[in-house]
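The structure under discussion appears below in the form of structure tokens.
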Amino acid sequence: MCTTCGCEDHTHTHPEPGGRRRVSMEKNLLAKNDAFATRNRSYFEARGILALNLVSSPGSGKTSLLVATLERLGSAHPAVVVEGDQQTSRDADRIRAAGAPALQINTGKGCHLDAHSVEHAILELAPPPGALVFIENVGNLVCPAPFDLGEAHKVVILSVTEGEDKPLKYPDMFAAADLMLLNKVDLLPHVDFDEAACLGYALQVNPRLEVLRTSARSGEGLQAWIDWLLARSAALAR
Ligand SMILES: Nc1nc2c(ncn2[C@@H]2O[C@H](COP(=O)(O)OP(=O)(O)O)[C@@H](O)[C@H]2O)c(=O)[nH]1
Ligand SMILES: [Mg+2]
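With the working numbering, letter number 74 in the sequence shown gets 195, and the count goes up by one each step, no holes.
Here's what the structure looks like:
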């Protein structure tokens, strides 16, 4: 546990008086996490399961996008969801209401999911071969970045209400992701958001980042996102 902020299970730094920084690099913790992540990845690969780790700040629309995605997928493609939040089972309840099995992990003071907790959740959810597994991480753009959960891809969600500079301010998260969903594009006419600058910043941090524009509210871009998912899921079955 970090003795400065009380946060559990993560690696970070805090400024100290006099400009010195105390570095609390818990390398063993990351190594232990990586071992569980490798096991999760083997489990997914052996069953042709596409697992995605959804990361973003709180409120960008992760759960809303998942609900809209599950409603569109219907029973045509099996999917299960692991939900991570510090408290409450509100998101898992929203997912179950959309018709998919969901399991909530409450991290308490922890600010990210870890691969061991995800392993337990997956064993309990028992996704069928070929299923989609969505892991909604705890909302913040810092702590989940270095933690591999065994996913095939990290998907970072950025909403247009958060400001175009977030890829520059939180580069680790955008560098770790393979896909960025630019969400809440229905709100673009109402907010000061420089979309071209945002895309430029995101690609500056991660030149191989794919980007899709979405709105969980209007449905814009959801078919492209579902096509992205199903193409990768189908590739695993080959
Ligand atoms: N206008 C608009 N609102 C959205 C969209 N996606 C999510 N929201 C709203 O944003 C808020 C946070 O969404 P939620 O899915 O809980 O975000 P999460 O914390 O990332 O899971 C809720 O009030 C949603 O209704 C969107 O595409 N457009
Ligand atoms: Mg959520």
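Ideal Cβ positions, reconstructed from N, Cα and C, are used throughout, including at glycine. Quick caveat: nothing in here was measured; it's all calculated off a predicted structure.
In terms of residues, what are the limits of the beta strand (DSSP E) holding residue i?
{"i": "ASP206", "result": "200-206"}
{"i": "HIS274", "result": "274-280"}
{"i": "ASN261", "result": "First-last for ASN261: undefined, no H or E at that position."}
{"i": "ASN227", "result": "223-227"}
{"i": "VAL332", "result": "331-334"}
Could you give the residue range of the alpha helix (DSSP H) that holds residue i?
{"i": "ARG160", "result": "148-167"}
{"i": "TYR322", "result": "316-326"}
{"i": "ALA242", "result": "236-246"}
{"i": "ILE216", "result": "211-218"}
{"i": "LYS290", "result": "287-290"}
{"i": "SER354", "result": "343-358"}
Looking at the strands, I want to know which residues DSSP matches up with residue i.
{"i": "ALA176", "result": "Going by the sequence as given, residue 176 is Val instead of Ala. Bridge partners of VAL176: VAL277."}
{"i": "MET301", "result": "VAL277, VAL332"}
{"i": "LEU270", "result": "Looking at the DSSP assignment, LEU270 forms no beta bridge with any residue, so it has no partner."}
{"i": "VAL188", "result": "Looking at the DSSP assignment, VAL188 forms no beta bridge with any residue, so it has no partner."}
{"i": "VAL254", "result": "ALA172, VAL201"}
Practice problem: Report all residues for which the CB-ligand distance to some heavy atom of ligand 2 is below 5 Å; order them along the chain. | Solution: LYS183, THR184, ASP212
Practice problem: May I ask you to verify whether the segment 259-272 touches the segment 228-235, counting CB pairs closer than 8 Å and requiring at least 3? | Solution: yes
Quiz item: Is the segment 333-342 close to the segment 223-231, with three or more CB pairs under 8 Å?
Solution: At 8 Å Cβ cutoff, the stretches do not touch.
Quiz item: On the three-pair Cβ rule with 8 Å, is the segment 296-308 touching the segment 197-204?
Solution: Verdict: no, contact absent.
Quiz item: Contact between the segment 311-326 and the segment 279-291: three or more CB pairs below 8 Å?
Solution: yes
Quiz item: Pairing CB atoms from the segment 210-218 with CB atoms from the segment 237-252, are three or more of them under 8 Å?
Solution: no
Quiz item: Is there contact between the segment 305-318 and the segment 190-198, where contact requires at least three CB pairs shorter than 8 Å?
Solution: no
Quiz item: Can at least three beta-carbon pairs, one atom from the segment 159-179 and one from the segment 253-268, be found at a separation below 8 Å?
Solution: yes
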